Every structure is written in C-alpha cells, then in structure tokens.
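Written below as structure tokens is the structure these notes are about.
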C-alpha cells in the first residue's frame with residue numbers, strides 16, 4: 001500500500017479477517033517500509049514487509065505454511081512482534097543486484113487484458129492501452145522529499161536491456177500495449193545503460209509504440225546523444241528535474 005491507499009488496505013484487511021479470522025495478513029509497499037510501527041499498531045497485520053519482496057515473499061509464505069514462526073521472524077525485510085517481549089523487530093532488507101533473476105510479471109495471471117479493457121491507466125492523451133514498467137531501482141541522491149533510497153537503496157540497479165526489450169515486445173504483441181511509462185526514480189543516472197536501452201527499443205522497430213519517462217530525470221544526465229536516442233526511440237514525454245548542468 002502507498003500512504004494514500006493505506007486506509008483502504010486497512011479496511012479491506014479488517015473485512016477479510018471478519019470472514020476468515022485465522023488468515024495471515026501481510027502488508028508491504030511504501031507505507032509499510034516508511035511506517036512499520038504504525039502499521040503493526042493497527043493490529044490488522046501479522047507481518048509487515050519493508051522494501052523489495054520478490055525473493056522474500058515466496059520464502060515467507062512457505063515458512064508460514066510450515067508453521068515456523070521463528071524462521072519467519074529472522075527473514076530479511078520482515079517486521080514482526082517478538083513472542084517474548086512483544087517488541088517490534090525490524091530486519092534489514094536485502095537489495096538483489098541481479099534484477100533479471102527476480103522474474104518477469106505474469107500478465108495473464110493478473111488479467112492485464114481485463115484491466116486494460118476496463119480503463120487501466122487510460123487518459124485522454126496517448127494510446128488507450130498503456131503499461132507501467134521499471135528499468136531501474138535505487139538512487140544515489142538523497143533528496144529530502146523522496147523515499148527512493150529508503151525503498152530501493154542508494155545504489156542504482158537495472159534490468160538488462162535484453163530483459164526489458166523482451167518484455168516490451170511481449171506486451172506489445174500479446175496485450176496490444178502501445179505506450180510504456182517508465183516509473184523509475186532516476187532512470188538516466190547510468191547514462192551508458194539508458195542509451196543502450198534506447199537503442200534496444202529503436203532496434204525493436206515498433207513505430208507506433210510511445211514511451212514516457214513519468215518521473216523526473218536530472219538535467220546533468222542528459223546530453224545531445226541521449227536526447228537523440230530518446231527521440232528515435234519515440235519518447236514523447238520526459239519530466240526534467242532542474243539540477244546542476246555540466247557546460
């Protein structure tokens with residue numbers, strides 16, 4: 001849950017517990033990472049997960065199913081109450097360097113086509129079938145207003161160009177997606193990687209595919225070559241955070 005969605009998540013969890021009192025309820029996401037104490041204080045969640053959870057969550061579910069609460073309490077990224085003291089124990093999460101190994105999204109399982117048909121991400125601008133993606137995680141900057149270093153670490157990590165272009169091709173062919181919105185907090189920080197990604201998108205030859213950089217990129221990470229490649233890759237919208245420029 002994001003902070004603005006936490007009240008809804010809390011209400012849904014409490015409603016679920018009324019129907020299934022024995023269910024194990026887990027909260028993850030931005031709110032859980034920033035406010036684990038407040039989330040636990042509601043009494044609605046058995047476990048709170050901070051940071052990333054692709055590797056953690058399957059192991060967590062397996063240990064819960066096995067009834068091994070002690071092992072669950074030791075997992076990185078898990079916040080839980082100590083059975084003896086009642087204090088909240090917050091384990092530091094691990095940020096995995098090999099992003100490709102985290103696995104791809106199962107768009108059939110989450111019924112992407114149904115969501116798109118019902119207006120997911122639809123606006124009056126651009127193609128009707130849009131999809132959000134991340135190319136990178138983490139950010140080396142520590143802006144006071146931003147939670148990215150807390151959520152995903154201060155070291156930039158990225159998927160491979162091969163992984164990203166394969167996923168773009170997949171949603172283009174199988175789900176009719178005609179716009180990709182990269183939601184990265186600082187996508188162009190690794191300029192070499194991002195230029196390679198632009199070239200990879202160009203090489204796909206999908207002339208009716210539009211790209212947006214939804215969140216801000218730093219001005220000093222843009223140069224004429226970067227802008228040329230972004231233009232050729234059909235980037236339509238780029239949000240620029242005005243920072244220090246190298247002249």
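In our numbering, the protein residues as written are 1 to 247.
The beta-carbon is built from N, C-alpha and C at its ideal position, and this holds for glycine as well.
Note that the structure is predicted; figures quoted are calculated from it, not measured.
Legend entry - Same chain, Cβ closer than 7 angstroms to residue 100, five either side skipped, listed in chain order: In the chain shown, the residue the question calls residue 100 occupies position 100. 159, 160 and 163.
Inset, instruction - Below 8 angstroms CB to CB, which residues in the same chain sit around residue 183 once its five sequence neighbours on both sides are set aside? - result: Along the chain shown, one-based indexing puts residue 183 at 183. Within the same chain, residue 183 has close Cβ partners 132, 133, 134, 214 and 215.
Legend entry - Cβ neighbours of residue 195 in the same chain (closer than 8 angstroms, five flanking residues each side left out): Here the question's residue 195 lines up with position 195 in the chain shown. Closer than 8 angstroms at the Cβ level, and outside the excluded window around residue 195, lie 225, 226 and 229.
Inset, instruction - Can you have a look at residue 109 and say buried or exposed, based on whether 16 or more other CB atoms are within 10 angstroms of its CB? - result: Mapped onto the chain shown, residue 109 falls at position 109. Its Cβ having fewer than 16 others within 10 Å, residue 109 is exposed.
Legend entry - Contact the segment 167 to 179 vs the segment 134 to 152: 3+ CB pairs below 8 angstroms: no
Legend entry - Pairwise C-alpha distance: residue 86 and residue 167: The count along the chain shown starts at 1 and reaches residue 167 at position 167. The count along the chain shown starts at 1 and reaches residue 86 at position 86. Residue 167 and residue 86: Cα-Cα distance of roughly 45 angstroms.
Legend entry - Outcome for residue 123 when other beta-carbon atoms lying within 10 angstroms are tallied against a minimum of 16: The residue you call residue 123 lines up with position 123 of the chain shown. Answer is exposed; the Cβ neighbour count stays below 16.
Inset, instruction - Quick one: residues in its chain with C-beta nearer than 6 angstroms to the C-beta of residue 235, no 5 flanking neighbours on either side, listed in chain order? - result: Numbered from its first residue, the chain shown carries residue 235 at position 235. Same-chain partners within the cutoff: 211.
Legend entry - Distance, residue 50 Cα to residue 56 Cα: Mapped onto the chain shown, residue 56 falls at position 56. Mapped onto the chain shown, residue 50 falls at position 50. Rounded to whole angstroms, residue 56 to residue 50 spans 10 angstroms at the Cα level.
Inset, instruction - Identify every residue that forms a DSSP beta bridge with residue 133. - result: The residue labelled residue 133 in the question sits at position 133 within the chain shown. DSSP output for residue 133 lists 182 as bridge partner(s).
Inset, instruction - Could you tell me whether the Cβ of residue 134 comes closer than 8 angstroms to any Cβ of chain C? - result: Looking at the structure shown, chain C is missing, and only one protein chain is on hand.
Legend entry - For residue 141 and residue 125, the rounded distance between their alpha carbons: The sequence position of residue 125 within the chain shown is 125, counting from 1. The sequence position of residue 141 within the chain shown is 141, counting from 1. Roughly 32 angstroms separates the two Cα atoms.
Legend entry - Of the residues 222, 233 and 7, the one placed nearest residue 206, counting alpha carbons only: In the chain shown, counting from the first residue as 1, residue 206 sits at position 206. It is 233 whose Cα lies nearest to the Cα of residue 206.
Inset, instruction - Determine which residues share a DSSP beta bridge with residue 158 and list them. - result: For the purposes of this step, residue 158 is taken as the residue at position 158 of the chain shown. According to the DSSP secondary-structure assignment, residue 158 is paired through a beta bridge with 136.
Legend entry - CB of residue 36 within 8 angstroms of CB of residue 48, strictly: In the chain shown, residue 36 corresponds to position 36, counting from 1. In the chain shown, residue 48 corresponds to position 48, counting from 1. Yes, the pair counts as a contact, with Cβ atoms nearer than the cut-off.
Inset, instruction - Determine the direct distance from the alpha carbon of residue 111 to that of residue 174, and round the result to whole angstroms. - result: Here residue 174 refers to the residue found at position 174 of the chain shown. Here residue 111 refers to the residue found at position 111 of the chain shown. If you take the alpha carbons of residue 174 and residue 111, they lie about 12 angstroms apart.
Legend entry - residue 201, enclosing alpha helix (DSSP H) - first and last residue: Numbered from its first residue, the chain shown carries residue 201 at position 201. Element bounds for residue 201: 191 to 204.
Legend entry - residue 156 vs residue 186 beta-carbon contact at 8 angstroms: Translated into positions along the chain shown, residue 156 becomes position 156. Translated into positions along the chain shown, residue 186 becomes position 186. It is a contact, given that the beta carbons lie within the stated cut-off.
Inset, instruction - Report the rounded CA-to-CA distance for residue 3 versus residue 31, giving the unit in angstroms. - result: Here residue 3 refers to the residue found at position 3 of the chain shown. Here residue 31 refers to the residue found at position 31 of the chain shown. C-alpha separation (whole angstroms): 5 angstroms.
Legend entry - Cut-off 8 angstroms between Cβ atoms - residues of its own chain near residue 7, not counting five sequence neighbours on either side: Within the chain shown, residue 7 is the residue found at index 7, counting from 1. Hits under 8 angstroms: none found.
Legend entry - Residue closest to residue 16, alpha-carbon to alpha-carbon, out of 44, 199, 81 and 39: As a first step, residue 16 is located in the chain shown; it is residue number 16 there, counting from the start. Ranking the options by Cα distance to residue 16, first place goes to 44.
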